[in-house]
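S.K.: Same order as they appear, the protein sequences are chains A and B. Just so we're aligned, residue 108 is where the first sequence starts under the working numbering, counting upward by one. Just so we're aligned, residue 885 is where the second sequence starts under the working numbering, counting upward by one. Before anything else, here's the structure in question.
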Amino acid sequence: MTTGDTTPHDAPSGGEPLLEVRGIEVIYDGAILAVADVSLTVAPGEIVALLGANGAGKSTTLKAISGLVVADRALVSRGEIRFRGEDITGIAPNLLAARGIVHVLEGRHVFGHLTVEENLRTGAFLRRLGRREIEHDLEEIYGYFPRLRTKRKTPAGLTSGGEQQMLAIGRALLTRPELVLLDEPSMGLAPIIVEEIFEIVTTLNRSKGTSFLVAEQNIAVSLRHAHRGYVVDSGRVALAASARELLDRGDLHEIYLGVANAVA
Amino acid sequence: MNLFLETLIGGLLAGTMYSLVAIGFVLIYKASGVFNFAQGSILLFAALTFVTLLEQGLPFAAALAVTILILILGAILIERTVLRPLANRSPMTLFMATLGLSYVVEGAAQGLMGAQVHALDLGIEDVPIFIGDVLISQFDLVAAATAVALALVLALLFNNTRIGISLRAVADDTRAALSIGINLNRIWQIVWAVAGIVGLVAGMLWGARQGIQFSLSLVVLKALPVLIIGGFTSIGGAIVGGLIVGAAENLAETYVGPYIGGGITPWFPYFLAIAFLYIRPAGLFGERTLERV
Ligand SMILES: Nc1ncnc2c1ncn2[C@@H]1O[C@H](COP(=O)(O)OP(=O)(O)OP(=O)(O)O)[C@@H](O)[C@H]1O
Ligand SMILES: [Mg+2]
């Protein structure tokens, strides 16, 4: 993997967005309002950062898009979510995976008792490939994540945090997604590993044109690799701008933490 | 020495039956984290359907095929009407649902097919045979061989096939499985159907022994200690647990029974299970969470 050159390629411009979230509200257990009003878009081939403090509603927004809200007894009670122009609000997550949206959950969520390679294989089940095609796709993923190849026979639960994050991403990529929802890939990882993971994201984005919506608290790293960013606060979008502009502001921390404090 | 060997072997052979019943529980527990109280009723329903079809004059193979078909349809029905609406509820809610389900299935079985005892002749002669100078029941031998064959097929099915890896993935992390496109509803349908078929085989073998009747559904009570000993999440554990319970209760009946007036078999497995709970709470093969510290 090349180091040094970490600027993303030019933001794709014009045309229909791949993902469009319009004014969604998400409620857990019919009572807890987690997302009040979030709108955002992701263009084809774009990397978008979703920033915000703890409890801002980043993960909930991603779960609303991937359909995984249902597994947490939550509901998108207002607004709509469109993917390639079609309304996908409320569609089951496994069907959305087949349509090209894959969610890499916060906290990695690998299948601990399955080996690294079995974990990767599960990502390919969706496409009902033949043996040879699966081998081919596995090789490609091992190309991006050489560390995984050396651990292919190890139960995933026994690999390191960084390896698990790479495995979760690799497994998701085997579904051949158009859009990857990546929830806090930096969580609990050493800076050098975080950098490595974001570089791979950028590489994938460039070579395959895969779009990424990345929820992060790590402003610096995520904005260096993203084209655009949104700042969410208390379930609302507080700010939306290009990554460059957001980085140049230098007051992002105060903005989202400040507003949160004012509300509290 | 011969008495000991005969008792031990007889117990082990009977134990394979317990294993078979326990495997049905393990499959469902792995896929949905619920202790399926209805497994005994499903076993009764399956055996009763099979014997009724036989009595209606269907040939053996046809009766078996039709019964399996009905079990598959039943699994789909249960998934749609019970599991899907209750998905994401607490395990206790699901357990209560299976409790209710057990009465529905039992009621349906007896309502449709009557409550009398049906004799089932599988054409296996129950004659004792000698191996060396150890006496063994031929029926037990055939039953055990069937159970072992079925367990092997299941182990193959659930180890390296797509379905097997998907099932283990779901058992590890349901959300992650959904996120990469695994169809949870389909997995549940398959698992309930397979558990039903395992129940059918167990019900046929037990039923051929003691007649197919209501008390068959009580084998659930035999499976519980097996699961505690073997662990709720391991097919291998269910097999070993069944063998341990079978052998131990038979040995206890023969060697301890006379001193306390017999009647040990109903409670001894529970005694054993509680002892195991002290030593290994997750069971012999139960999965502890794999985590690096
Ligand atoms: N499963 C749940 N049940 C009930 N409430 C929840 C659940 N998950 C999240 N919430 C609530 O929804 C709000 C938004 O949480 P969310 O997880 O989306 O935030 P986040 O931005 O991802 O935060 P973090 O950076 O800590 O991951 C919080 O107030 C949280 O308490
Ligand atoms: Mg989060």
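All C-beta atoms, glycine included, are put in the ideal place defined by N, C-alpha and C.
1) For the alpha helix (DSSP H) holding PRO284 of chain A, just list the boundary residues, first then last.
2) Among residues of its own chain, excluding the 5 on either side of ASN368 of chain A, which ones have a beta-carbon nearer than 6 Å to its beta-carbon?
3) Where do the N-terminal and C-terminal ends of the alpha helix (DSSP H) with SER1021 of chain B fall, by residue?
4) For ligand 1, is there any heavy atom lying closer than 8 Å to the beta carbon of ASP179 of chain A?
5) DSSP three-state call for ALA367 of chain A: helix, strand or coil?
6) Scan the stretch 183 to 197 of chain A for residues whose Cβ lies nearer than 8 Å to a Cβ of chain B and list them as they occur along the chain.
7) Give every residue of the same chain whose Cβ lies closer than 8 Å to the Cβ of ILE893 of chain B, excluding the five residues on either side of it in the sequence, and list them in chain order.
8) Please name the residue in A:LEU330, A:GLY230, A:ARG185 and A:ARG256 whose C-alpha comes closest to that of VAL209 of chain A.
9) Would you tell me roughly how many angstroms separate the C-alpha atoms of ARG313 of chain A and ILE307 of chain A, rounded to the nearest one?
10) Out of A:GLU247, A:ARG239 and A:LEU320, point me to the one whose CA is closest to ILE172 of chain A's CA.
11) Could you tell me the alpha carbon to alpha carbon distance between VAL847 of chain B and LEU1102 of chain B, rounded to whole angstroms?
12) DSSP three-state label for HIS360 of chain A, please.
13) As an exercise, report each continuous beta strand (DSSP E) stretch of at least 3 residues that is fully enclosed by the stretch 187 to 274 of chain A, in chain order.
14) Please indicate yes or no: does the CB of GLN272 of chain A lie closer than 8 Å to some heavy atom of ligand 1?
15) Please report how far the alpha carbon of ALA1136 of chain B lies from the alpha carbon of ALA949 of chain B, in whole angstroms.
16) So with CB distances below 7 Å, who are the chain A contacts of SER1063 of chain B?
17) Starting from ALA141 of chain A, trace the beta strand (DSSP E) both ways and give me its first and last residue.
18) Residues of chain B with CB under 8 Å from THR282 of chain A, in chain order?
19) List the residues of chain A whose Cβ lies closer than 7 Å to the Cβ of ARG1093 of chain B, in chain order.
20) Straight-line CA distance for ALA160 of chain A to GLY250 of chain A?
21) For PHE61 of chain A, go through chain B and note every residue whose CB falls closer than 8 Å to its CB, in chain order.
22) How far does the alpha helix (DSSP H) with ASP1005 of chain B in it extend, from its first residue to its last?
23) According to the neighbour-count rule (16 or more other Cβ atoms, all chains shown, within 10 Å of its Cβ), is ALA263 of chain A buried or exposed?
24) Straight-line CA distance for TYR913 of chain B to ARG1052 of chain B?
25) Taking 7 Å as the limit, name every residue whose beta carbon sits nearer than that to some heavy atom of ligand 2, in sequence order.
26) Take the Cβ of GLU225 of chain A as the centre, count every other Cβ of all protein chains shown within 10 Å, and call the residue buried at 16 or more, exposed below.
27) Counting contacts by CB-CB distance shorter than 9 Å, is ILE912 of chain B in contact with chain A?
28) For ligand 1, I want to know if THR168 of chain A counts as a neighbour, meaning its beta carbon is within less than 8 Å of at least one of the ligand's heavy atoms.
29) Rounded to whole angstroms, what is the Cα-Cα separation between ARG238 of chain A and LEU928 of chain B?
30) Looking only at its own chain, which residues have a Cβ that is under 6 Å from the Cβ of GLY130 of chain A, when we skip the five neighbours before and after it?
31) Answer yes or no: the CB of ILE139 of chain A versus the heavy atoms of ligand 1, is any distance below 8 Å?
32) Report the rounded CA-to-CA distance for LEU1034 of chain B versus PHE1023 of chain B, giving the unit in angstroms.
33) Compare the C-alpha of MET1088 of chain B against each of B:HIS1002, B:SER1063 and B:GLY1121 and name the closest.
34) Between THR891 of chain B and LEU942 of chain B, what straight-line distance do the alpha-carbon atoms span, to the nearest angstrom?
35) Please say whether GLY958 of chain B and ALA1107 of chain B have beta carbons closer to each other than 9 Å?
36) Along chain A, in chain order, which residues have C-beta atoms closer than 8 Å to that of LEU1068 of chain B?
M.R.: Let me spell this out:
1) From DSSP, PRO284 of chain A is part of no alpha helix (DSSP H); its letter is neither H nor E.
2) Residue placement at ASN368 of chain A is flagged as unreliable, the pLDDT there being 48, under the threshold of 50; a coordinate-derived value is accordingly withheld.
3) For SER1021 of chain B, no alpha helix (DSSP H) encloses it; the enclosing beta strand (DSSP E) starts and ends at 1018 to 1021.
4) yes
5) Residue placement at ALA367 of chain A is poorly supported in this model, since its pLDDT is 46, which falls under 50; the coordinates are not used for a value here.
6) none
7) VAL1018 and ILE1020
8) A:GLY230
9) Cα to Cα, ARG313 of chain A sits roughly 10 Å from ILE307 of chain A.
10) Comparing Cα positions, the closest option is A:LEU320.
11) Examination of residue 847 of chain B is not possible in this model, given that chain B is present from 885 through 1177 alone.
12) DSSP places HIS360 of chain A in helix when its eight states are reduced to three.
13) 208 to 211
14) No, the Cβ of GLN272 of chain A stays beyond 8 Å of every heavy atom of ligand 1.
15) 40 Å
16) SER173, LEU175, PRO200, ALA204, VAL209, HIS210 and LEU212
17) Taken as a continuous stretch (DSSP letters only), the beta strand (DSSP E) holding ALA141 of chain A covers 139 to 149.
18) ILE1064 and GLY1065
19) Result: empty, since nearest Cβ-Cβ is about 37 Å, beyond 7 Å.
20) 34 Å
21) For chain A, the structure presents residues 108 to 371; residue 61 of chain A sits outside this window and is missing.
22) For ASP1005 of chain B, no alpha helix (DSSP H) segment is defined, and its DSSP state is neither H nor E.
23) buried
24) 11 Å
25) Taking each Cβ in turn, the ones that pass are A:LYS165, A:SER166, A:GLU213, A:ASP290, A:GLU291 and A:ALA322.
26) Per the 10 Å Cβ criterion, buried.
27) Under the Cβ distance rule, ILE912 of chain B does not count among the residues neighbouring chain A, no pair being separated by less than 9 Å.
28) yes
29) 41 Å
30) ASP144, SER146 and GLY186
31) yes
32) Approximately 17 Å, taken between the alpha carbons.
33) B:HIS1002
34) It is roughly 38 Å from the alpha-carbon of THR891 of chain B to the alpha-carbon of LEU942 of chain B.
35) The criterion of a C-beta distance shorter than 9 Å is not satisfied by ALA1107 of chain B and GLY958 of chain B.
36) ASN201
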